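What follows is a short report on a single structure.
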Amino acid sequence: MPPMAASPLLLLCSASPRRRDLLAALSIRFQSVAPSIDESRRPGEPPAALAERLAREKAEAGLRSFGRPAIALAADTVVAVGDEDFGKPRDRADAARMLRALSGRTHVVITGVCVASPSGLRSLIATTQVRLRPLSEELIGWLAASGDGDDKAGAYAVQGLAGAFIDRLEGSFTNVVGLPMAETLELLAQEGIVLPWEAR
Numbered sequence: 088m089p090p091m092a093a094s095p096l097l098l099l100c101s102a103s104p105r106r107r108d109l110l111a112a113l114s115i116r117f118q119s120v121a122p123s124i125d126e127s128r129r130p131g132e133p134p135a136a137l138a139e140r141l142a143r144e145k146a147e148a149g150l151r152s153f154g155r156p157a158i159a160l161a162a163d164t165v166v167a168v169g170d171e172d173f174g175k176p177r178d179r180a181d182a183a184r185m186l187r188a189l190s191g192r193t194h195v196v197i198t199g200v201c202v203a204s205p206s207g208l209r210s211l212i213a214t215t216q217v218r219l220r221p222l223s224e225e226l227i228g229w230l231a232a233s234g235d236g237d238d239k240a241g242a243y244a245v246q247g248l249a250g251a252f253i254d255r256l257e258g259s260f261t262n263v264v265g266l267p268m269a270e271t272l273e274l275l276a277q278e279g280i281v282l283p284w285e286a287r
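To get my numbering, take the position in the sequence shown, counting from 1, and add 87.
This is the structure in structure tokens:
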């Protein structure tokens, strides 16, 4: 039996430690870059389209900046209630505003995932329904001041302090963390990334 071809180099185009941890937990080997792009929402752009577009732009920028052959993986997560989207808070006051808007309501966590290679782009959208219990003003102030949600869409982390106040989650848990792993693994396999349990 001929030996398996070597897996292409995987490039994670993200500064998120949560995304790095999710890949590392499955013993997936990768290198990281943190491409800088304009993450502004375009007028009238739906939250799902925003997440997918930003993931594609990050993957393309990361692949260009790396300068060597690789398979680039990028993601972008937004939290949405209807057509209103919540990205990363600008400051603690903005974090409190977001938590107040999400309090007692069901919202959607949307992650766009893109894999870019010299042959082109593959992308998808994953969605998860999440409901936060009603939060008092004192609790909102405490959560915002903690800094736990400073760099997270919607100003909270499901695996952080606010996770104690989530009373319903329908869909992928890892999507809410920042990278829907089942869907991401399918994309990587399609691009020839050899996953650890497939290695011979």
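Every residue gets a Cβ at the ideal spot worked out from N, C-alpha and C, and that includes glycine. On a predicted model such as this, the values are computed, not experimentally measured, just so you know.
DSSP state of residue 167 mapped onto helix, strand, coil: Taking the sequence shown and counting its residues from 1, the one referred to as residue 167 is at position 80. Strand, per DSSP.
Residue 161 classed as buried or exposed, judged by whether at least 16 other C-beta atoms fall within 10 angstroms: Taking the sequence shown and counting its residues from 1, the one referred to as residue 161 is at position 74. The residue in question, residue 161, is buried, as its Cβ has 16 or more Cβ neighbours within 10 Å.
Where residue 144 falls, given that 16 or more other Cβ within 10 Å makes a residue buried: For the purposes of this step, residue 144 is taken as residue 57 along the sequence shown, with counting starting at 1. Classified as buried, residue 144 has 16 or more neighbouring CB atoms from the shown chains inside 10 Å of its CB.
Sufficient close CB pairs (3 or more, under 8 Å) joining the segment 223-232 to the segment 140-155: With the cut-off at 8 Å, the segment 223-232 and the segment 140-155 do not touch.
Whole-Å CB distance - residue 213 paired with residue 259, under 8 Å assumed: Walking along the sequence shown from the start, residue 213 turns up at place 126. Walking along the sequence shown from the start, residue 259 turns up at place 172. Between residue 213 and residue 259 the beta-carbon gap is near 6 Å, inside 8 Å, which marks them as a contact.
Helix, strand or coil at residue 132 according to DSSP, with G and I counted as helix: Taking the first residue of the sequence shown as 1, we reach residue 132 at position 45. In the structure shown, residue 132 adopts coil according to DSSP, grouped into three states.
Inter-residue Cα distance where the pair is residue 124 and residue 211: Within the sequence shown, residue 124 is the residue found at index 37, counting from 1. Within the sequence shown, residue 211 is the residue found at index 124, counting from 1. Between the C-alpha atoms of residue 124 and residue 211 there is a straight-line separation of about 19 Å.
Expected contact under 8 Å - CB spacing of residue 264 and residue 105 to nearest Å: What you label residue 264 is simply residue 177 of the sequence shown in a count that begins at 1. What you label residue 105 is simply residue 18 of the sequence shown in a count that begins at 1. Between residue 105 and residue 264 the Cβ distance is about 5 Å, and since that is below 8 Å, they are a contact.
Residue 193 burial status per 10 Å Cβ neighbour count (16 or more: buried): Translated into the one-based positions of the sequence shown, residue 193 becomes position 106. So residue 193 counts as exposed.
Residue span of the alpha helix (DSSP H) that contains residue 228, given as start and end: One-based indexing of the sequence shown puts residue 228 at position 141. Here the alpha helix (DSSP H) through residue 228 covers 224-233.
Whole-angstrom distance between residue 101 and residue 159, CA atom to CA atom: For the purposes of this step, residue 159 is identified with residue 72 of the sequence shown, where counting begins at 1. For the purposes of this step, residue 101 is identified with residue 14 of the sequence shown, where counting begins at 1. Taking the straight line from one Cα to the other gives about 10 Å.
Short Cβ contact (7 Å threshold) for residue 221 with residue 191: Working through the sequence shown from its first residue, we reach residue 221 at position 134. Working through the sequence shown from its first residue, we reach residue 191 at position 104. In contact: residue 221 and residue 191 (Cβ atoms closer than 7 Å).
Integer-rounded CB distance, given that residue 202 should sit under 8 Å from residue 111: Position 24 of the sequence shown, counted from the start, is the residue given in the question as residue 111. Position 115 of the sequence shown, counted from the start, is the residue given in the question as residue 202. Not really, about 18 Å apart at Cβ, beyond 8 Å.
Option nearest residue 247 by Cα separation, candidates 139, 115, 195 and 236: In the sequence shown, the residue the question calls residue 247 occupies position 160. Ranking the options by Cα distance to residue 247, first place goes to 236.
DSSP beta-bridge partners of residue 257: Here residue 257 is taken as the residue at index 170 of the sequence shown, counted from 1. Its beta-bridge partners are 216.
Three-state secondary structure assigned by DSSP to residue 149: Working through the sequence shown from its first residue, we reach residue 149 at position 62. In this structure, residue 149 counts as helix in the three-state DSSP scheme.
Beta strand (DSSP E) segment containing residue 203, residue limits: On the sequence shown, position 116 is the one that residue 203 refers to. 193-204 is the span of the beta strand (DSSP E), which, as asked, contains residue 203.
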